Structures are given as C-alpha cells and as structure tokens.
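The structure under discussion appears below in the form of structure tokens.
Numbering (this note's numbering), first residue to last: 33 to 368.
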C-alpha cells in the first residue's frame, strides 16, 4: 500500500521528486512516456505513483521485480500502463545480506536517511556507524534520530556519542508519537523531498512514519512494543513502501535490520572516519597499518588523546569487513 489518500487533483512531477537529473535521461523517442515512481515492490508486480494516483504496472515478459526498488523512477506507456524502463538512480541504499553475492537495494532516490535509535540498551555506536557508511556510500544525507529519551537518565550523553560518530552529523531527539516531530524534521521533508528510515526493530520507525504521514493515510503502519529485558522489538514492518508526508515530501519505511553486513562501502567508510583518513597521509610509511609502525600519525593522535582508541578499533574492523565482503571487480562499474 502507498499509505496516502487518492489524489484529488493531478500533481506536478517535482512534487513526487522528479528533477532535471531524471529528465535528462529521457531519449527523444521517450517524450510520450509517463514518468512514474515505484511505491511498492512485490514478487510478481510493481505499484507506482503517477501524476494522478496509484497505478498497477503491466510488466513485460521476463521482468524481474528484484531489479526495482521503492523510490525508483520508471517510464511507462500511459495508454497501457506498461513498464518501459527504469531510470538511473540518483542515490541508492544497498546492502549485502549474509551469503549473498549481489547487493540488496533497500531504497532508491532518497535525499535523507533517518537513522533511528533509542536512548537505552539498543544504542550501539558500532551499528550506527554501519548505517552511516551505508548512507555515505549511497549519496544520501544521514541524520540520527534519538527516541525514548524519557527512559534515559542522561540524554545528553547519547546526543554527544551520536554527534561524535561523523563530522557535521545532525542529531535530533524526538518523540515519534507527538506532532512536534513533524516540525522538528520539516527541513528534510519538504515538497518533493524523500526520506527513508532505518534502525533496529522497536525504536519507533513505524510510529514515526504514521506521525509524518498524518491521520489521512489509508493504511497506518503496524507498531509494536519493545521487550523490557533487552530493549529489542519485534519486526512490525515486513516490506518497504512509499508514504506521502503531510508537508509534501515522501517517506520510505524499511524492515528492522538486526544485522548489517558492510560491503562495497570504501568511500562511505572514508567519509565516516574522516579524522583517521586525513591523518593517514602524515604517517612515515605509505602502507602504514596504524597498528605498530614508527612514525604513525594515527597512533600519535591516540597517544595524544585526540583520537578515541575504540574509534580506531571500530574503523579497522569495518574496513576489514568491507574488504572481505566486497567481491573483486571483474568488469566496468555498474550503473545505479
């Protein structure tokens, strides 16, 4: 379900997120095709949003719905509603599941990724860094949202820990159930803007989707409670879907991720750990591992107290995991 009321009037392409980036991809013979945005992906069908409302697309033979993601822009024959082709993605959120070689696309053409975590035992800096690497690599702006602040003795400690994970990172404390969350997030949720939510189950993602979408959505997202003994929740969102935001933007809810395997994210990790990346060229040896070599600028920063040793440990672990999980390139870089 797309989670929005039927359109009373035709909307502009820009209000759905269309931009010159997509318009410039049209060929001359595609001028009569209608741009539509994928709102839901099922095993054998695709639902899209047109300028006049939801459309169940007619798929050509041998179409693999796994090649499409919520948020994708496609060109469609307006007479038959037949899918013509998918346009290149501007941003993409992708991860590799355990034992899987191809990347799994979580969402496409997302402007801002809300990484939702709670102020309790669920808060995990190492896990948050994985989400940030995912956002950085995909070209999406990450924002950390802290929930369940009423359960914390020192909310400021959580805010400081989160803000230190990446330079310039926006960190907000919100209550997903209150209307004030809408105004707090308004700068990222304007007309035509698309946000996505990621985080563990039970942190309030589906509740926040319901709050952002407002009371007029057709099918509210199911919400669940967390377990008291370990602050973990059960999965209430089982598929990805595109929902209209009352302020004119769009939000993609995603299932909770208990495990997030990092791969194909070298640039995202480099951005995430910029303080280490910038020190590395100052080391005496070009191939310094920042572990035991003399003249290591990174180790000097640790000794001088300007670099957290735990941060360095997590950087090394994430970098090694990425190398181990990233298949060797055998051809030209694939298009988004």
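Where is the CB? At the ideal position from N, CA and C, for every residue including glycine.
Small disclaimer: the values here were computed from a predicted structure and weren't measured.
Where the beta strand (DSSP E) through residue 108 begins and ends: Sequence index remark: in the chain shown, residue 108 carries index 76 (1-based). Here the beta strand (DSSP E) through residue 108 covers 105-109.
With a threshold of 6 Å on Cβ separation, who are the neighbours of residue 259 within its own chain once the five nearest residues in sequence on each side are excluded? As a working note, residue 259 is residue 227 in the chain shown. Any reading at residue 259 is ruled out, since the residue's pLDDT is 41, under 50, leaving its predicted position unreliable.
Cβ neighbour criterion (16 or more within 10 Å) applied to residue 141: The residue you call residue 141 lines up with position 109 of the chain shown. Under this definition residue 141 is a buried residue.
Let me check understanding here. Comparing Cα to Cα, which of 166, 153, 159 lies closest to residue 137? By one-based count along the chain shown, residue 137 stands at place 105. The shortest Cα separation from residue 137 among 166, 153, 159 belongs to 166.
Suppose you measure from the CA of residue 124 to the CA of residue 182; what does that come to, to the nearest Å? The residue labelled residue 124 in the question sits at position 92 within the chain shown. The residue labelled residue 182 in the question sits at position 150 within the chain shown. Going from the Cα of residue 124 to the Cα of residue 182 covers about 34 Å.
Nearest by alpha-carbon distance to residue 48: which of 336, 316, 226 is it? Along the chain shown, read from residue 1 onward, the residue named residue 48 stands at position 16. Selected option, being the one with the closest Cα: 226.
Buried or exposed, going by whether 16 or more other CB atoms sit within 10 Å of the CB of residue 55? Residue 55 sits at position 23 when you count from the first residue of the chain shown. Burial call: exposed.
Check the C-beta distance from residue 157 over to residue 197 and give it rounded, since I have them as a contact under 8 Å. As a working note, residue 157 is residue 125 in the chain shown. As a working note, residue 197 is residue 165 in the chain shown. About 6 Å; that satisfies the 8 Å criterion.
What alpha helix (DSSP H) runs, 4 residues minimum, are completely inside the stretch 195-221? 212-216
Identify every residue that forms a DSSP beta bridge with residue 136. Taking the first residue of the chain shown as position 1, residue 136 is located at position 104. Beta-bridge pairing links residue 136 to 127.
Run through the DSSP bridge pairs and tell me what residue 69 is partnered with. For the purposes of this step, residue 69 is taken as residue 37 along the chain shown, with counting starting at 1. In DSSP, residue 69 forms a bridge with 81, 105.
Using DSSP's beta-bridge definition, name the partner residues of residue 230. Taking the first residue of the chain shown as position 1, residue 230 is located at position 198. The beta-bridge partner set that DSSP reports for residue 230 consists of 147.
Whole angstroms is fine: what's the gap from residue 53's alpha carbon to residue 112's? Position 21 of the chain shown, counted from the start, is the residue given in the question as residue 53. Position 80 of the chain shown, counted from the start, is the residue given in the question as residue 112. It is roughly 26 Å from the alpha-carbon of residue 53 to the alpha-carbon of residue 112.
Skipping 5 residues on each side, what residues in its chain have a beta carbon closer than 8 Å to that of residue 163? Mapped onto the chain shown, residue 163 falls at position 131. Taken in chain order, the residues that qualify are 145, 147, 174, 230, 231, 292.
Using only alpha-carbon positions, find the residue among 93, 77, 297, 180 that is nearest to residue 170. If you number the chain shown from 1, residue 170 lands on position 138. Here the closest residue by C-alpha is 297.
With DSSP as the reference, please indicate the residues paired to residue 283 in a beta bridge. Within the chain shown, the letter at position 251 stands for residue 283. Partner(s): 227, 275.
Return the chain-ordered list of same chain residues with a C-beta closer than 7 Å to the C-beta of residue 209, the five sequence neighbours on each side being excluded. Locating residue 209 in the chain shown gives position 177, where the first residue counts as 1. 239, 243.
Buried or exposed, going by whether 16 or more other CB atoms sit within 10 Å of the CB of residue 331? In the chain shown, counting from the first residue as 1, residue 331 sits at position 299. It is buried - the Cβ of residue 331 has at least 16 other Cβ atoms within 10 Å.
Measuring straight from C-alpha to C-alpha, what distance separates residue 344 and residue 308? As a first step, residue 344 must be located in the chain shown, where it is residue number 312. As a first step, residue 308 must be located in the chain shown, where it is residue number 276. A straight line joining the alpha-carbon of residue 344 with that of residue 308 spans about 8 Å.
Assumed close pair residue 160, residue 184 - CB separation to whole angstroms, cut-off 8 Å: Within the chain shown, numbered from 1, the residue matching residue 160 stands at position 128. Within the chain shown, numbered from 1, the residue matching residue 184 stands at position 152. Wrong, their Cβ atoms sit about 16 Å apart, outside the cutoff.
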